[in-house]
Structures are given as C-alpha cells and as structure tokens.
Amino acid sequence: MNCWDLLGIEPTSDRQRIEQAYQQQLKFASSDEAVSLEQAFREATGAAAPTAPDIDAKTTSHAPETQPEQESEQSQELDAYSAQVAREVVIQIKALLNDSIRAENVNVWKAILCEPPADQPALRADIARRLESQLRPMAKNGVFPASVTAFLGDWFEWPSLREATSKNEKKPQPDERNYPEPEMMSGEQDEQPPQSVNFWPAVIGWIIGLVILTSLFGGMGGG
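First residue of the sequence shown: 1, per our numbering; consecutive thereafter.
What follows is the structure, encoded as structure tokens:
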C-alpha cells in the first residue's frame, strides 16, 4: 500500500489537497495508523507532516460538553428517585396517623423513618418539610407519647419538640397509688360488708334487770 492509498486520494502535487486528505484520515486513525499517515504525507509532499491535532485533546475538549449532560441526567434521576421515596414515606406516616394504637409505638415510627434510603440527610430534610405542618402541632399538643415526641424532635431536628419533652419530664408525676380517685374510694366503701352491732352491753343490761326483778319478786314472796 503506497502513500496515496493511505491518504485515500489520487496522486497529486496539490499540497493543500494532500494536507486535507491527511487531516481527514487522521481523525479516525489509531496511534499506529497516525504514524503511517505521517510517513505517507512526507512521501507525498517531501516535507514533514503538519502538527496533527491530538486525538486525546479532541476527546478532552468535547468532554466538558458531554460530561455535564451525563451528570445532569444522573442528578435528575437521583432527584426523581429521592422525591418518590419521600412521597412514599409521607404516605406511610399519614396512614400511621389514622391508627392511634400504632402511632403511640415509637418503634413503628423508627421503622418507617429510619429505613434506608429515607435516613439520608437530604431525604430526611425533605420529609420533615412535608410533614412539619401536621406533625409538629400534634406533638406539641400532647397527641403523641413522650417517646414519640422526643424521637420526632431529634430525628427532624425540631428544637421546640425537644424542649416540650424536657419540660414534661421535669414535671412531678402524681403517685396514683397514694391518691386514689374519690369514686374508687366511695365504691370500695359501698362494697364493704356492714359492721356487726355490738350487742353485749344490751345483753348485760337485760341480765341485770332480770336479777333485780327476781330479787324483788322473791322478797315480796318471802314477806
């Protein structure tokens, strides 16, 4: 294969045409083929080949255009996925609020909110934003047990819930065992059996009376 075959043109003395052919073939050439093309150019023109544009440089020059697009697409996919996860968690929490018994169990809340990938900081912040207007007032008004309120305050970083929990913990709790309800006391009194009346004084009184009467009647009979 001669130099013209490598350059892909008919033999010519037109240097500009030869150079154009050389540059065109060089665009798709490997490193070994580039060396052969350079030699073919020298044979065709009798001069050194012009500085060939670096193939790697070309690839690098195009990289800033394609790479951001790829990163942008990946970012959009991640955002869409994260948003979907956040929506699903919000739906589960709203369903939990309709079940008063399960809503009092802090472990159920942890199972929903701490499940990966919902535990990631970005997702946690988004879920907190979606639920704050509903959960925060309920927690502050005492709808949830202290354990649930404390968990929500720590997990979503709501300082007001932490303060409310700490205040409730500092309040002295009355001892129900020492202070029974009045209704319970009255009920217990009603259930107690009536106390038996002490009749012994009356019996003794009757005996004394009989003795006196007997002595009186005995005296009258003897007289």
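Ideal Cβ positions, reconstructed from N, Cα and C, are used throughout, including at glycine.
The residue from Tyr81, Arg162, Glu132, Glu157 with its alpha-carbon nearest to that of Pro145 is Arg162. Per the coordinates, the alpha-carbon of Pro11 lies some 16 Å from the alpha-carbon of Ala47. Of the other Cβ atoms in all chains shown, 16 or more fall within 10 Å of the Cβ of Trp109; this residue is therefore buried. Collapsing the DSSP output to three states places Thr149 in a helix. Around the Cβ of Thr214, a 10 Å sphere holds fewer than 16 other Cβ atoms; the residue is exposed.
Look at the beta carbons and you see the segment 124 to 133 touching the segment 83 to 102: at least three pairs across the two are nearer than 8 Å. In the structure shown, Asn107 adopts helical secondary structure according to DSSP, grouped into three states.
Ile93 and Ala103 have their C-alpha atoms roughly 9 Å apart. Between Asp119 and Ala125, the alpha-carbon positions lie close to 10 Å from each other. Rounded to the nearest whole angstrom, the C-alpha separation of Val106 and Ala80 is 29 Å.
Of the candidates Ser100, Leu123, Leu6, the residue whose Cα lies closest to the Cα of Val143 is Ser100. Going by C-alpha positions, Leu6 is about 56 Å away from Ala83. Listed in chain order, the non-local C-beta contacts of Ile9 below 8 Å within the same chain comprise Arg17, Ile18, Ala21, local neighbours out to five positions each way being set aside. Contact between Leu113 and Trp158 is absent: CB atoms are separated by about 13 Å, not below the 8 Å threshold.
Here the C-alpha atom of Ala139 lies approximately 25 Å from the C-alpha atom of Pro117.
When DSSP states are grouped into helix, strand and coil, Trp158 belongs to the coil group.
Excluding residues up to 5 positions away in sequence, nothing lies with its Cβ nearer than 6 Å to the Cβ of Gln39 in the same chain. Here Gln134 is exposed, its C-beta having fewer than 16 other C-beta atoms within 10 Å.
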